[in-house]
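Visitor:
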Amino acid sequence: MSNQNPMQAARASLLALDYPQSLGVYDDYLGAQRAVDYLSDNEFPVQNCMIVGTDLKQVERVTARLTWGRVIGSGVASGAWIGLLIGLLLSVFDANSNKAAVIFGGIVFGAVFGVVYAAIGYSMSQGRRDFTSVSTIVATRYEVLVEHKFAQQGREMLEKLDSGLQGPRL
Numbered sequence: 007m008s009n010q011n012p013m014q015a016a017r018a019s020l021l022a023l024d025y026p027q028s029l030g031v032y033d034d035y036l037g038a039q040r041a042v043d044y045l046s047d048n049e050f051p052v053q054n055c056m057i058v059g060t061d062l063k064q065v066e067r068v069t070a071r072l073t074w075g076r077v078i079g080s081g082v083a084s085g086a087w088i089g090l091l092i093g094l095l096l097s098v099f100d101a102n103s104n105k106a107a108v109i110f111g112g113i114v115f116g117a118v119f120g121v122v123y124a125a126i127g128y129s130m131s132q133g134r135r136d137f138t139s140v141s142t143i144v145a146t147r148y149e150v151l152v153e154h155k156f157a158q159q160g161r162e163m164l165e166k167l168d169s170g171l172q173g174p175r176l
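To convert a position in the sequence shown, counted from 1, into my numbering, add 6.
1) Considering only the beta carbon of each residue, do residue 54 and residue 165 sit closer than 9 Å?
2) In whole angstroms, what separates the C-alpha of residue 57 from that of residue 129?
3) Out of curiosity, what's the CA-to-CA distance linking residue 72 and residue 163?
4) Which two residues bound the contiguous alpha helix (DSSP H) that contains residue 77?
5) Among the residues of its own chain, which have a CB less than 8 Å from the CB of residue 48, if the five just before and after it don't count?
6) Look up residue 166 in the DSSP assignment and say whether it is helix, strand or coil.
7) Which class does residue 23 belong to by DSSP, given the choice of helix, strand or coil?
8) Going by beta-carbon coordinates alone, are residue 87 and residue 116 separated by less than 9 Å?
The following block contains the structure:
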């Protein structure tokens, strides 16, 4: 019995080829996209193609040094937003209260809670990660795959395109 729901199964079938073969490997996505676009412009059945990012790596960009001031500031800001949301919800459902006081109280309570929560988290890190960053997963190579019955036709068409093709892998 499968745990996959029908939507996941439909999406997976859209991303699958029966017997994929490589038309080429490119150093960047634009090269692979250019190859598929060239095939499309020349009436190749591109619905039988896939661009697959391979050799994945995680790239992390350090954005700032983390200090107590930054920790407390971000704790106040995030806590105040959550407090505002809670204050708004409470003021909507309580018709007898002073709405401004409920909202303001939510903001203050949220800010205090945010500072406490952020300070505890930062102090528990014990200086092991004193910076903020953003990260993403990127592919270092892109491979154009096609159904086996169109592979030879696709290779012949791409030979006419000067795209930096490293060559197909079988």
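Beta carbons: idealized from backbone N, C-alpha and C, even for Gly.
All values derive from a computational prediction rather than experimental measurement.
Guide: A quick look at the data gives this:
1) no
2) 45 Å
3) 53 Å
4) 74-99
5) 163
6) coil
7) coil
8) yes
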